[in-house]
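All remarks here apply to the structure that follows.
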Amino acid sequence: GQNIDQPTEMTATEGAIVQINCTYQTSGFNGLFWYQQHAGEAPTFLSYNVLDGLEEKGRFSSFLSRSKGYSYLLLKELQMKDSASYLCAVRDRNSNYQLIWGAGTKLIIKP
Amino acid sequence: NAGVTQTPKFRILKIGQSMTLQCTQDMNHNYMYWYRQDPGMGLKLIYYSVGAGITDKGEVPNGYNVSRSTTEDFPLRLELAAPSQTSVYFCASRDQGAVGNQPQHFGDGTRLSIL
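Chains A and B supply the protein sequences, listed in that same order.
Quick note on numbering: my numbering labels position 83 of the first sequence as 83, and the sequence is numbered without any gaps.
Quick note on numbering: my numbering labels position 22 of the second sequence as 22, and the sequence is numbered without any gaps.
So, in structure tokens, the structure goes:
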């Protein structure tokens, strides 16, 4: 079957760095997405990984290791506006290439 | 571009009532999706469509129906509302793309309570 695990909640300090992990089990891996979702709002796209390695986009970076079924989202120079939930989603060939979503990690930024 | 527009934003239904959640997009995307999001759970796919006239069931289709008569519109129908359908519903769309890396774009959601 398919399973995606993320920590439920994390706390970090403004200006610091935080790493949000995502592990997955699927036999039909075809790409991994990270989304940000502020409370009461829609998810918005952050990053996409399909090959092993690091993708950098400004303050945000995402890493993928397909052999380990593991990804992380790295947020640098944290700002109060980064307080949100971060959703990991895996595209699965065995589910007609649809996305399987993790429950999300709620990130709380403290001053 | 308005992106993906969902209406209504909030709705309270009585058990057994029916309603249609509207979704329209102006990005000419072929792919459209309906998800529900419950507290502490990941997004669950209800139905999706790869183009006008084509719809497929997702992970949790029971109690729902969809249609896709145009590229722009993808309404979701609840025929006999049940308390278990209390949730936040998101519509999303994406471009087909050449390599499948196109992200989904989400509407603002419909918050539905069944009492």
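Glycine residues also receive a C-beta, built at the ideal position from the N, C-alpha and C atoms.
Exercise for the section: Kindly say whether Val50 of chain A, judged by its beta-carbon, lies nearer than 8 angstroms to any beta-carbon of chain B. Expected result: yes
Exercise for the section: Indicate the three-state DSSP secondary structure (helix, strand or coil) for Lys9 of chain B in the structure shown. Expected result: coil
Exercise for the section: Flag this pair as yes or no: are the beta carbons of Gln98 of chain A and Leu45 of chain B separated by less than 8 angstroms? Expected result: yes
Exercise for the section: Going by DSSP, name the residue or residues bridged to Thr13 of chain A. Expected result: A:Lys110
Problem - Nearest neighbour of Gly63 of chain B, chosen from B:Cys23, B:Met19, B:Arg111 and B:Thr24 [CA to CA] - result: B:Met19
Handout entry: Three-state class that DSSP yields for Asn94 of chain A in the structure shown
Key = helix
Practice task
Anything in chain A within Cβ reach of Met41 of chain B, meaning under 7 angstroms, just list it in chain order.
Solution key: Ala103
Handout entry: Whole-angstrom distance between Arg111 of chain B and Tyr72 of chain A, CA atom to CA atom
Key = 30 angstroms
Practice task
Assign Gln6 of chain B to buried or exposed, taking buried as 16 or more other Cβ atoms, counted over all protein chains shown, within 10 Å of its Cβ.
Solution key: buried
Problem - Buried versus exposed call for Asn49 of chain A [16 or more other C-beta atoms within 10 Å across all chains shown] - result: buried
Exercise for the section: Assuming Met80 of chain A and Glu9 of chain A form a contact by the criterion Cβ under 8 angstroms, report the distance between their Cβ atoms to the nearest whole angstrom. Expected result: About 17 angstroms; that fails the 8 angstroms criterion.
Exercise for the section: Compare the C-beta of Tyr47 of chain B with all C-beta atoms of chain A and state if any pair is closer than 8 angstroms. Expected result: no
Exercise for the section: Report, in whole angstroms, the separation of the C-beta atoms of Asn3 of chain A and Tyr24 of chain A, which I expect to be a contact under 8 angstroms. Expected result: 7 angstroms
Practice task
Starting from Gln36 of chain A, follow the beta strand (DSSP E) in both directions and report where the run begins and ends.
Solution key: Phe29 to Gln37
Handout entry: Where Thr24 of chain B falls, given that 16 or more other Cβ within 10 Å makes a residue buried
Key = buried
Handout entry: Contacts that Asp95 of chain B makes with chain A (C-beta to C-beta distance below 8 angstroms)
Key = In chain order: nothing, as chain A lies at least about 12 angstroms away.
Problem - CB contact check: Phe106 of chain B to chain A, cutoff 8 angstroms - result: yes
Problem - Cβ separation of Ala12 of chain A and Leu107 of chain A, assumed to be a contact under 8 angstroms, to the nearest whole Å - result: 7 angstroms
Practice task
With DSSP as the reference, label Ser18 of chain B as helix, strand or coil.
Solution key: coil
Handout entry: Contact list for Phe90 of chain B against chain A, beta-carbon separation under 8 angstroms
Key = Ala42 and Pro43
Exercise for the section: Could you tell me the distance, in whole angstroms, from the CA atom of Asp38 of chain B to the CA atom of Asn96 of chain A? Expected result: 23 angstroms
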